[in-house]
Amino acid sequence: MVSGRNRTKVNIKDKEGRELNQVDQFKYLGVTFSEEGESETTVRARVKAAWQKWRELEPVIADKKIPRKLKTKLYTTVVRPVILYGAECWTTGVKEENILEKTEMRMLRRIKGVTLKDKMKSEDMRKELGVGSMKSKARESRLRWFGHVHRREQESNLRQVMDMEVPGRRPRGRTRGRWRDLVDRDMRELRVVPEDADDRDFWRRRIRTADPSLG
């Protein structure tokens, strides 16, 4: 593969010894990986898939006779998981988080039956409908995966890859955020440290973002 700004070439072979062709991006288990390590392509693909699922539920969402609580539950249990599939591996920045925010609010406005002209704040909307933010749910996914890998033996491949330090200097100026940078930020926000992940139950409680309406 070729990676990074300087496009360092790395030859990768399969178990039969055949060299794999270089591509700009590839999809694995529904998640798109790019040579630059960005997640915008994947986020947009997940959003598109979620809207397809949403359209299947449109008759229910648009029906004024159906309780709003049921519509909200359909969103949190059917639609939102489609968007956040694979979120534990995303490397998101401001652009990707804005895409998630706009998608989330567009869906919640439809559930509540309001428009942009009503100028309702995002936090007020979430509080009234009883849902956690997409950003916080993505953070929960990242930290859950981090904890899972952290509890592996030091000799495991997953643990070694996660903990490895790539030699060399990063370029000057504003550089693209790394997955571990996001995890470190997440832990600072929740005031936890890597060692806390050793206790699985404690870690799960601390990183969980509950939907108020669901308990």
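When we follow the numbering used here, the leftmost residue of the sequence shown carries the number 2, and every step to the right adds one.
Beta carbons are placed, not taken as given, at the ideal position from N, Cα and C, and that holds for glycine.
So what does DSSP say about residue i, is it helix, strand or coil?
i: E17; result: coil
i: T78; result: helix
i: Q155; result: coil
i: Q161; result: helix
i: V220; result: Nothing can be reported for residue 220, as the shown portion of the chain is limited to 2 through 216.
i: T116; result: coil
i: G5; result: Because G5 sits at a pLDDT of 49, beneath the cut-off of 50, its placement in the model cannot be relied upon, and the following sentence gives the value as read from the coordinates. Three-state DSSP puts G5 in coil, outside helix and strand.
i: T92; result: coil
i: V194; result: coil
i: T210; result: coil
i: K132; result: The residue you asked about is not Lys; residue 132 is Val in the sequence shown. Coil at V132, not helix or strand.
Kindly give me the distance between the Cβ atoms of residue i and residue j, rounded to whole angstroms, as I take these residues to be in contact under 8 Å.
i: D1; j: V83; result: Because the chain here runs from 2 to 216, residue 1 falls outside it and cannot be looked at.
i: W55; j: M108; result: 7 Å
i: I62; j: I112; result: 6 Å
i: I208; j: L183; result: At roughly 13 Å, the Cβ-Cβ gap does not stay under 8 Å, so I208 and L183 are not in contact.
i: R1; j: E89; result: Here the chain has residues from 2 to 216 only, and residue 1 is not among them.
Could you tell me the alpha carbon to alpha carbon distance between residue i and residue j, rounded to whole angstroms?
i: R127; j: L21; result: 46 Å
i: T33; j: F27; result: 6 Å
i: Q161; j: L85; result: 26 Å
i: I206; j: F147; result: Sequence check: residue 206 is Arg here, not Ile. Between R206 and F147, the C-alpha separation is close to 14 Å.
i: M2; j: M163; result: Here the model assigns M2 a pLDDT of 43, short of 50, so the residue's position is not dependable and the matter cannot be decided.
i: R179; j: R186; result: 11 Å
i: E141; j: R19; result: 38 Å
i: K65; j: L130; result: 16 Å
i: R81; j: W52; result: 10 Å
i: T77; j: E17; result: 43 Å
i: E57; j: D125; result: 27 Å
i: S40; j: R181; result: 14 Å
i: Q23; j: K122; result: 45 Å
i: T42; j: E97; result: 9 Å
i: E105; j: R145; result: 22 Å
i: R1; j: P60; result: Given that the chain is displayed from residue 2 to residue 216, the structure contains no residue 1 and the question cannot be resolved.
i: W204; j: D25; result: 36 Å
i: K138; j: G87; result: 12 Å
Would you say residue i lies against chain D (beta-carbon separation less than 9 Å)?
i: E156; result: Given the protein chain composition of this structure (a single chain), no chain D is represented.
Could you spell out where the alpha helix (DSSP H) holding residue i opens and where it closes?
i: V184; result: 180-191
i: K223; result: There is no way to answer for residue 223, as the model of the chain reaches only from 2 to 216.
Given 8 Å as the limit, tell me if residue i has its C-beta closer than that to any heavy atom belonging to the ligand FMN.
i: H149; result: Of the ligands one can find in the structure shown there are none, so the ligand FMN has no counterpart to examine.
Checklist entry - Do the segment 146-153 and the segment 107-127 make contact, defined as three or more Cβ pairs closer than 8 Å? => result no
Checklist entry - Is the number of C-beta pairs between the segment 86-105 and the segment 43-58 that are closer than 8 Å three or more? => result yes
Checklist entry - Hey, is the segment 69-76 in contact with the segment 84-97, meaning 3+ C-beta pairs nearer than 8 Å? => result By the Cβ rule, the segment 69-76 does not count as touching the segment 84-97, because fewer than three pairs are nearer than 8 Å.
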